[in-house]
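The structure under discussion appears below in the form of structure tokens.
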Amino acid sequence: MAARDAGEAINLLSLDDGGVRGAVLLHILHEIMVQIQLCYDLKRLPKPCEYFHMIGGTGTGGLIAIMLGRLRMSTEEALQEYGRCVKEMFSLGNRKWTTATERYRATGLKEAVENLVRRRNLGDDLVDLSLEPDSKGLCFVCAMPVSNLGQPRRFRSFYTPKDIYKGVKIWEAVRATTAASFYFKPMSVTAGGREPEEFANAAINCNSPINYALRESAAHFGAKRRLGTIVSIGTGITAVGVENSKIRSRATGKELIGRPENLETDAEVAHRDIEERLGPSHNAYFRFNVPDVADEAGLDKYLKIHVLQASTAAYLADPSVMAQMVRAALALDNGSVFHELSLGRAAGVGKWKGDFKSYATQFLGEASRFFTARDSVLQKMDVFFSPRDAKGKPRREFLLFGPSGVGKTQIALKFANQVEKRFKYIFHIDGSNPSSVSQTYANICEQYCPRYSPRTPNDSADVEDMKQVALDWISGLSVEWLIIYDNVPDSNLPGCKPFGPELPGSGPPGFMPTLPGQNIGNIIYTSQSQGMLANLPPNCTHEVGPFTVEEGLQVLLNLVGLENVEENNKEIEALRETAVEVGCLPFALDTAGVYLRKEGCTPLMYLRRFRERQNRLGLRGEPTRSGLYTALELSYEALLDMHQSQVSSLAGVGAAAASAILNLFCFYHNVDIPFLMMGLSAEELRNFEGTGVHPLSEFPNPPLMSPTLLMTCRSAGKGWDSTALHLGIQCLLQFSLVKWNTKKDTVSMHPLVQDWARDRMSTDARRYQAWAAQVVLIESIKSGWGRLDRATLRGLPPHLDVCMSYESESFGQHDKHQAWLDLKLAWYCYEKRMLLEAVKLIEKALRLQKRNHGNYSREATNCLRILGRVSFENGYLANAEAAEPNFEAAVDYASCSET
Numbered sequence: 001m002a003a004r005d006a007g008e009a010i011n012l013l014s015l016d017d018g019g020v021r022g023a024v025l026l027h028i029l030h031e032i033m034v035q036i037q038l039c040y041d042l043k044r045l046p047k048p049c050e051y052f053h054m055i056g057g058t059g060t061g062g063l064i065a066i067m068l069g070r071l072r073m074s075t076e077e078a079l080q081e082y083g084r085c086v087k088e089m090f091s092l093g094n095r096k097w098t099t100a101t102e103r104y105r106a107t108g109l110k111e112a113v114e115n116l117v118r119r120r121n122l123g124d125d126l127v128d129l130s131l132e133p134d135s136k137g138l139c140f141v142c143a144m145p146v147s148n149l150g151q152p153r154r155f156r157s158f159y160t161p162k163d164i165y166k167g168v169k170i171w172e173a174v175r176a177t178t179a180a181s182f183y184f185k186p187m188s189v190t191a192g193g194r195e196p197e198e199f200a201n202a203a204i205n206c207n208s209p210i211n212y213a214l215r216e217s218a219a220h221f222g223a224k225r226r227l228g229t230i231v232s233i234g235t236g237i238t239a240v241g242v243e244n245s246k247i248r249s250r251a252t253g254k255e256l257i258g259r260p261e262n263l264e265t266d267a268e269v270a271h272r273d274i275e276e277r278l279g280p281s282h283n284a285y286f287r288f289n290v291p292d293v294a295d296e297a298g299l300d301k302y303l304k305i306h307v308l309q310a311s312t313a314a315y316l317a318d319p320s321v322m323a324q325m326v327r328a329a330l331a332l333d334n335g336s337v338f339h340e341l342s343l344g345r346a347a348g349v350g351k352w353k354g355d356f357k358s359y360a361t362q363f364l365g366e367a368s369r370f371f372t373a374r375d376s377v378l379q380k381m382d383v384f385f386s387p388r389d390a391k392g393k394p395r396r397e398f399l400l401f402g403p404s405g406v407g408k409t410q411i412a413l414k415f416a417n418q419v420e421k422r423f424k425y426i427f428h429i430d431g432s433n434p435s436s437v438s439q440t441y442a443n444i445c446e447q448y449c450p451r452y453s454p455r456t457p458n459d460s461a462d463v464e465d466m467k468q469v470a471l472d473w474i475s476g477l478s479v480e481w482l483i484i485y486d487n488v489p490d491s492n493l494p495g496c497k498p499f500g501p502e503l504p505g506s507g508p509p510g511f512m513p514t515l516p517g518q519n520i521g522n523i524i525y526t527s528q529s530q531g532m533l534a535n536l537p538p539n540c541t542h543e544v545g546p547f548t549v550e551e552g553l554q555v556l557l558n559l560v561g562l563e564n565v566e567e568n569n570k571e572i573e574a575l576r577e578t579a580v581e582v583g584c585l586p587f588a589l590d591t592a593g594v595y596l597r598k599e600g601c602t603p604l605m606y607l608r609r610f611r612e613r614q615n616r617l618g619l620r621g622e623p624t625r626s627g628l629y630t631a632l633e634l635s636y637e638a639l640l641d642m643h644q645s646q647v648s649s650l651a652g653v654g655a656a657a658a659s660a661i662l663n664l665f666c667f668y669h670n671v672d673i674p675f676l677m678m679g680l681s682a683e684e685l686r687n688f689e690g691t692g693v694h695p696l697s698e699f700p701n702p703p704l705m706s707p708t709l710l711m712t713c714r715s716a717g718k719g720w721d722s723t724a725l726h727l728g729i730q731c732l733l734q735f736s737l738v739k740w741n742t743k744k745d746t747v748s749m750h751p752l753v754q755d756w757a758r759d760r761m762s763t764d765a766r767r768y769q770a771w772a773a774q775v776v777l778i779e780s781i782k783s784g785w786g787r788l789d790r791a792t793l794r795g796l797p798p799h800l801d802v803c804m805s806y807e808s809e810s811f812g813q814h815d816k817h818q819a820w821l822d823l824k825l826a827w828y829c830y831e832k833r834m835l836l837e838a839v840k841l842i843e844k845a846l847r848l849q850k851r852n853h854g855n856y857s858r859e860a861t862n863c864l865r866i867l868g869r870v871s872f873e874n875g876y877l878a879n880a881e882a883a884e885p886n887f888e889a890a891v892d893y894a895s896c897s898e899t
């Protein structure tokens with residue numbers, strides 16, 4: 001990997017000052033860590049130092065940064081210790097009654113911190129010499145020198161060669177950053193043989209250390225290093241800027257914390273600055289700040305901590321805040337890169353300020369961390385794609401084939417991970433159908449060929465044109481590249497009929513792969529059979545089958561964890577029998593192993609439940625499919641149990657939402673199912689509330705199958721509330737029923753999971769659910785979208801192709817709404833230049849509008865106007881001419897009616 005790609009992305013935590021209101025910081029951060037634990041099914045609550053590479057703080061935010069970073073506390077431990085510290089700092093026993101400029105004794109603060117450090121027993125010095133350069137949990141605090149306001153010093157827990165404060169003790173750093181005027185006297189620090197330097201509270205001009213966190217991380221990790229996610233937490237405090245000359249007068253100390261109504265907080269200024277600098281980068285920056293909490297408790301009112309807890313709890317109960325919490329928790333996982341920002345770009349420092357561009361396209365993500373037992377095929381591929389110095393010539397092609405669920409894609413991913421340095425570019429092509437092929441090439445065009453991508457809201461996004469640009473660009477590369485061409489259709493399997501006209505020679509089943517020219521590059525195909533690639537030589541193919549029983553046993557042991565299996569033959573034998581029951585199919589083994597780990601049951605208990613459930617289902621026939629379906633049913637039952645036992649909790653809401661997601665997404669294309677469509681559809685559903693014409697309002701299937709669970713909107717004008725969707729996705733992730741894409745704005749669902757989810761429905765329920773899926777998808781189509789939304793519009797064809805192919809049935813008579821859907825779909829066809837299909841849909845909508853509203857109604861007139869325009873542009877002059885007199889007659893009739 002190139003130097004600029006080296007290392008995982010850097011996550012940063014920034015903590016504002018706030019006196020006793022630092023408790024707010026910890027409660028918010030604790031909730032984020034709880035969400036991480038839920039998202040990734042962790043057995044214990046993770047520590048912030050395990051997820052954040054650098055933690056910066058000011059004032060009491062600095063104290064907390066040291067607790068979490070240098071002293072490596074969990075949020076639970078930090079909450080307990082923080083309460084003890086502020087009680088010692090701001091108690092009446094530590095109060096100074098003889099002066100108006102220093103309300104509390106500084107020795108009380110020093111003693112509180114020294115006692116804390118002694119309890120942790122991790123050393124007195126702030127610098128931790130045991131840290132590696134790439135360690136997580138690095139921390140620093142900001143303190144303001146009285147002699148140079150506006151230029152805060154940083155006291156660091158990590159070694160830097162030019163740091164003059166290497167010998168500073170932990171208590172000294174805390175005293176310097178918390179030396180709030182009017183509360184504590186300034187702190188004098190002597191270090192590096194320099195003259196003593198006096199420090200006041202850095203909150204004067206550095207209430208939020210976020211900009212310094214970016215600069216410190218860019219300096220330490222390198223400006224070219226990838227930025228992961230920034231989390232900034234405020235305390236509602238309002239800091240005040242003062243003239244430099246005034247700090248020298250103790251009499252003006254009160255002014256340093258007064259007049260909040262007249263001045264903006266510098267924390268909010270920093271927040272807006274970061275927002276503007278980073279722009280709309282997906283999940284790069286999160287800011288949490290409880291509103292109005294500064295009015296509820298002063299800096300030193302530790303007896304009002306219970307008030308702060310209540311206000312923070314109310315803030316966290318806001319669905320929009322909880323949704324943001326969930327997104328932040330997901331974004332922090334291993335510093336995944338889902339934007340293109342470098343530390344230098346985010347910090348705005350250094351000579352190199354460019355955005356990070358990964359040479360290796362992030363395709364389906366990393367291979368499973370439990371990947372095992374495929375050494376022979378990996379070695380074969382390693383030899384086949386051995387390094388060469390021939391500028392990618394000639395082309396090398398390798399086929400992995402075998403039934404669904406045997407792990408062909410996982411093998412391709414694992415190989416790509418292992419040999420990433422051999423290829424400057426790694427691309428993933430979703431070869432399932434022509435639409436998905438075109439869409440993934442269009443995505444490559446958008447990432448690597450921006451000059452050819454639409455840049456204004458009025459530009460039409462032609463996927464086929466963008467596909468060709470990407471193909472031409474790849475063909476012109478003179479470096480080694482790798483394409484993973486996934487899911488090449490089997491010519492003997494039924495294909496999905498594309499929605500709209502088929503492109504010449506491209507319709508399924510059995511369409512040939514679309515590849516760059518010039519006989520260059522490296523390609524790995526995955527398919528269920530050799531099919532159209534049967535002409536490849538034997539050394540270019542490998543048949544992938546289920547594991548052997550012993551390999552299946554090893555997979556389960558890896559998934560469950562050896563520490564969770566008693567060292568006796570009965571438990572081991574139960575795992576071996578489980579592997580046999582699921583046909584040693586890798587995907588089924590993963591499903592069973594995840595259940596064992598998630599539910600905490602023994603292998604013997606799982607085997608008994610498995611066989612009981614299989615008998616109740618009456619599943620027979622092909623053993624592999626029977627075993628997988630039984631394993632999936634057990635996971636689904638666990639979701640239902642979670643909902644019933646915790647119905648009013650977040651976990652219960654998430655389980656209900658997971659069921660709705662599962663029963664909806666199984667009717668879409670299995671790759672990159674977008675969340676945006678749910679939000680757009682939810683807003684349309686709200687617009688129809690009270691009219692009785694929206695079909696989803698009368699959904700006849702059981703409540704846990706209704707997509708309306710995922711489509712709640714907040715108060716008017718505030719849009720869709722995505723909390724339920726994100727909670728549901730969390731639950732499905734815990735059972736490995738879905739997988740994130742790298743940007744975490746879409747998910748993928750294995751085709752076998754989709755098959756099972758549909759097969760378990762009754763015939764009527766399946767038709768109704770297919771109709772609901774079609775409604776949600778079509779409702780997400782809006783005319784006049786901006787560029788970002790048009791990119792989503794380009795992503796609809798694969799899902800429309802799949803969704804519209806299922807037999808569906810509307811529940812109830814909703815002709816008014818059907819006409820609305822037909823017009824939406826017509827606009828989509830018009831934008832995709834499928835004009836004949838657009839005309840047919842408009843004509844259908846016109847018939848419905850005339851029947852429902854009358855021949856000369858406003859609704860029918862609108863359809864006539866659209867029909868005339870589209871027919872004329874398509875060259876259907878007869879239709880256009882027929883529409884025009886009818887349109888004029890309708891307008892005349894409407895005018896006469898009004899008079």
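Numbered per full-length UniProt numbering, the sequence shown spans residues 1 to 899. Backbone N, C-alpha and C define an ideal beta-carbon position, used for all residues, glycine too. Model, not experiment: these values are computed from the prediction.
At the level of alpha carbons, what is the spacing between residue i and residue j?
i           : j    : result
Y828        : S320 : 31 Å
Q324        : G679 : 15 Å
Q309        : V24  : 7 Å
H542        : A657 : 40 Å
P133        : K224 : 16 Å
A650        : L727 : Correcting the residue type first, residue 650 is Leu in the shown sequence and not Ala. Their backbone Cα atoms lie some 7 Å apart in a straight line.
L632        : R758 : 12 Å
A267        : D273 : 10 Å
L800        : K824 : 13 Å
F398        : Y525 : 6 Å
residue 939 : A328 : Here the chain has residues from 1 to 899 only, and residue 939 is not among them.
V647        : I64  : 35 Å
Y629        : W756 : 6 Å
Going by DSSP, name the residue or residues bridged to residue i.
i    : result
S232 : S14 and R287
S857 : According to DSSP, which records beta bridges pairwise, S857 is partnered with nothing at all.
F199 : P145 and M187
E543 : F401
Return yes when the C-beta of residue i is under 6 Å from any heavy atom of the ligand SAM, and no when it is not.
i    : result
M804 : Among the ligands in the structure shown, none appear at all, so the ligand SAM cannot be discussed.
With respect to the alpha helix (DSSP H) encompassing residue i, which residues constitute its N-terminal and C-terminal limits?
i    : result
D375 : D375 to F384
D465 : V463 to S475
T409 : K408 to Q418
N663 : L650 to F665
N487 : Here N487 belongs to no alpha helix (DSSP H); instead the beta strand (DSSP E) covers W481 to V488.
M54  : That residue, M54, is in no alpha helix (DSSP H); its beta strand (DSSP E) goes M54 to T58.
Assuming residue i is part of the beta strand (DSSP E), what are its boundary residues?
i    : result
E397 : R396 to F401
L332 : No beta strand (DSSP E) contains L332, which DSSP labels as neither H nor E.
What does a CB cutoff of less than 6 Å around residue i pick up in its chain, not counting 5 residues either side in sequence?
i           : result
T746        : D672, I673 and P674
residue 937 : The structure shown has nothing for residue 937, since the chain only spans 1 to 899.
K166        : V127
Give me, in chain order, the residues of the same chain whose beta-carbon lies closer than 8 Å to that of residue i; leave out the 5 immediate sequence neighbours on both sides.
i    : result
E76  : H30 and L45
N852 : D815, K816, A819 and E859
V549 : R576, A579, V580 and C584
What runs of the beta strand (DSSP E), each 3 residues or longer, lie entirely inside the stretch 107-193? 138-145, 153-156 and 187-189
Quick one: complete beta strand (DSSP E) runs, 3+ long, within the stretch 725-782? 746-748
Restricting to runs no shorter than 4 residues, where is the alpha helix (DSSP H) found entirely within the stretch 574-620? 586-599 and 603-617
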